[in-house]
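Protein chains in written order, with the working numbering: chain A, 5 to 137; chain Z, 462 to 618. Quick reminder that beta carbons are idealized off the backbone N, C-alpha and C, glycines included. As the structure is a prediction and not an experimental result, all values here were calculated from the model.
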């Protein structure tokens with residue numbers, strides 16, 4: 005069987021400026037995923053993430069959500085007790101449906117990502133503009 | 462050396478030993494890098510407490526809450542945080558594919574290392590994080606006690 009010749013497309017993914025520290029821990033946010041006949045709605049708990057620190061990427065049917073957290077400066081204090089730890093968020097999903105890439109909406113509201121993915125035609129690589137609130 | 466009579470027993474013993482070692486490793490790892498409990502956490506919301514001599518700062522991860530639905534109260538050295546997180550309204554015919562986010566009522570009670578001046582407590586909610594500043598009550602602050610030197614000859618006055 006002859007090998008299929010494929011044009012290799014170089015995807016230049018534009019990432020935001022290098023993250024301030026690569027040693028920070030990355031956590032998977034808790035999510036609710038709701039589906040209707042027309043759309044998929046993803047709600048993700050990402051406390052501490054501002055709208056401008058949110059990144060949503062849909063590549064083919066792989067959805068990645070990322071958020072960076074600005075940690076409070078507490079130099080004058082001692083940490084007495086801790087139930088959570090600072091870090092960033094990342095979670096990757098594979099979507100079963102094709103999504104209408106032109107009408108995706110992503111918005112942070114009180115530390116919760118509201119992501120609306122309308123269902124539609126064939127998938128292509130595409131970066132989702134994040135709505136500024 | 463004796464062969465173990467029941468090789469599977471020996472294997473189980475080794476497995477148990479491995480498990481124990483693994484747990485020990487995890488425990489050590491957790492000591493140095495505490496693992497963040499995520500949506501499996503038993504208590505909502507997760508809290509951090511910071512203190513110095515003058516005040517305490519409590520931070521809580523409370524995404525998606527209406528600040529007016531939070532109830533904070535302070536009694537001496539205890540802070541009580543209550544509230545409710547309700548599910549978002551869903552469109553007609555919507556169905557959950559996944560449901561991990563906390564929902565419902567919560568109440569947390571925290572004892573701080575000192576008494577609080579309840580009138581000066583401030584709370585601030587931003588990006589789903591609640592920050593409560595709790596100044597220490599004046600009466601609770603340590604008083605500096607002057608030590609008077611004895612007479613120079615060392616005899617008791």
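Proximal residues to residue i (C-beta, below 7 Å), its chain only, five neighbours per side dropped
i, result
"residue 1(A)", "Here chain A comprises residues numbered 5 to 137, so residue 1(A) is not present and cannot be evaluated."
"residue 538(Z)", "572, 573, 575, 576, 577"
"residue 505(Z)", "563, 567"
"residue 480(Z)", "none"
"residue 474(Z)", "none"
"residue 530(Z)", "544, 545"
"residue 526(Z)", "544, 546"
"residue 570(Z)", "539, 541"
"residue 581(Z)", "596"
"residue 586(Z)", "528"
"residue 120(A)", "43, 45, 108, 109"
Beta-carbon gap between residue i and residue j smaller than 7 Å
i, j, result
"residue 507(Z)", "residue 88(A)", "yes"
"residue 61(A)", "residue 98(A)", "no"
"residue 560(Z)", "residue 39(A)", "no"
"residue 516(Z)", "residue 596(Z)", "yes"
"residue 123(A)", "residue 42(A)", "yes"
"residue 592(Z)", "residue 82(A)", "no"
"residue 86(A)", "residue 588(Z)", "no"
"residue 579(Z)", "residue 535(Z)", "yes"
"residue 92(A)", "residue 30(A)", "yes"
"residue 50(A)", "residue 76(A)", "no"
"residue 108(A)", "residue 558(Z)", "no"
Own chain, CB closer than 6 Å to residue i, minus 5 neighbours either side, in chain order
i, result
"residue 543(Z)", "532, 568"
"residue 11(A)", "Reliability of the predicted coordinates at residue 11(A) is poor, the pLDDT of 45 falling under 50, and no value is obtained from them."
"residue 104(A)", "122, 124"
"residue 58(A)", "71, 112, 134"
"residue 524(Z)", "589"
Chain-order list of residues whose beta-carbon lies under 8 Å from that of residue i (same chain, five-residue window excluded)
i, result
"residue 583(Z)", "593, 594"
"residue 600(Z)", "576"
"residue 79(A)", "none"
"residue 554(Z)", "none"
"residue 518(Z)", "510, 511, 512, 592, 593, 594, 595"
Contacts that residue i makes with chain D (C-beta to C-beta distance below 8 Å)
i, result
"residue 54(A)", "No chain D appears in the structure shown, which is made up of the protein chains A and Z."
Residue i CB to nearest heavy atom of the ligand NAP below 6 Å
i, result
"residue 596(Z)", "Questions concerning the ligand NAP fall outside what the structure shown contains, since it holds no ligand whatsoever."
*For the stretch 25–43 of chain A, which residues have a beta carbon sitting closer than 9 Å to at least one beta carbon of chain Z?*
From the stretch 25–43 of chain A, only 29, 31, 32, 33, 34, 35, 36, 37, 38, 39, 40, 41, 42, 43 have a Cβ closer than 9 Å to chain Z.
*Three or more C-beta pairs closer than 8 Å, one from the stretch 49–56 of chain A and one from the stretch 68–78 of chain A: is that the case here?*
Per the Cβ contact rule, the stretch 49–56 of chain A is in contact with the stretch 68–78 of chain A (3 or more Cβ pairs under 8 Å).
_Contact residues within the stretch 71–82 of chain A, judged by C-beta distance below 9 Å to chain Z_ = Answer in chain order: 73, 74, 76, 78, 80, 81, 82.
*Using a Cβ-Cβ cut-off of less than 8 Å, list which residues of the stretch 80–102 of chain A approach chain Z; keep chain order.*
Cβ contacts with chain Z come from 80, 81, 82, 83, 84, 85, 86, 87, 88, 89, 91.
*Scan the stretch 92–131 of chain A and note each continuous alpha helix (DSSP H) run of 4 residues or more that stays entirely inside, going in chain order.*
Within the stretch 92–131 of chain A, there are no complete alpha helix (DSSP H) runs of at least 4 residues.
_Counting only Cβ-Cβ distances shorter than 8 Å, please list the residues of the stretch 584–610 of chain Z near chain A, keeping chain order._
Result list: 586, 588, 589, 590, 592.
*asked:* Whether or not the stretch 110–119 of chain A and the stretch 596–608 of chain Z are in contact is what I'm after, with contact meaning three or more pairs of Cβ atoms, one per stretch, closer than 8 Å; do they touch?
replied: They do not touch, by the three-pair rule.
*Got a sec: which bits of the stretch 548–559 of chain Z sit with their beta carbon under 7 Å from any beta carbon on chain A, in order along the chain?*
For the stretch 548–559 of chain Z, the beta-carbon criterion of a distance under 7 Å to any beta-carbon of chain A is satisfied by 549, 551, 552, 554, 555, 556, 557, 558, 559.
*Identify each residue in the stretch 526–549 of chain Z for which the Cβ-Cβ distance to at least one residue of chain A is less than 9 Å, and report them in chain order.*
For chain A, the residues of the stretch 526–549 of chain Z that bring a beta carbon within less than 9 Å of one of its beta carbons are 526, 527, 528, 548, 549, in chain order.
*3 or more residues per run - each beta strand (DSSP E) lying fully within the stretch 563–597 of chain Z*: Assignment of beta strand (DSSP E) within the stretch 563–597 of chain Z, counting only whole runs of 3 or more residues, yields 565–572, 583–587, 590–596 in chain order.
*Mind checking the stretch 571–583 of chain Z against chain A and listing, in chain order, the residues whose C-beta falls within less than 9 Å of any C-beta there?*
For the stretch 571–583 of chain Z, which is checked against every Cβ of chain A, the residues closer than 9 Å are 571, 573, 574.
_Inside the stretch 514–543 of chain Z only - beta strand (DSSP E) runs reaching at least 3 residues_ = Correct list: 516–522, 532–536.
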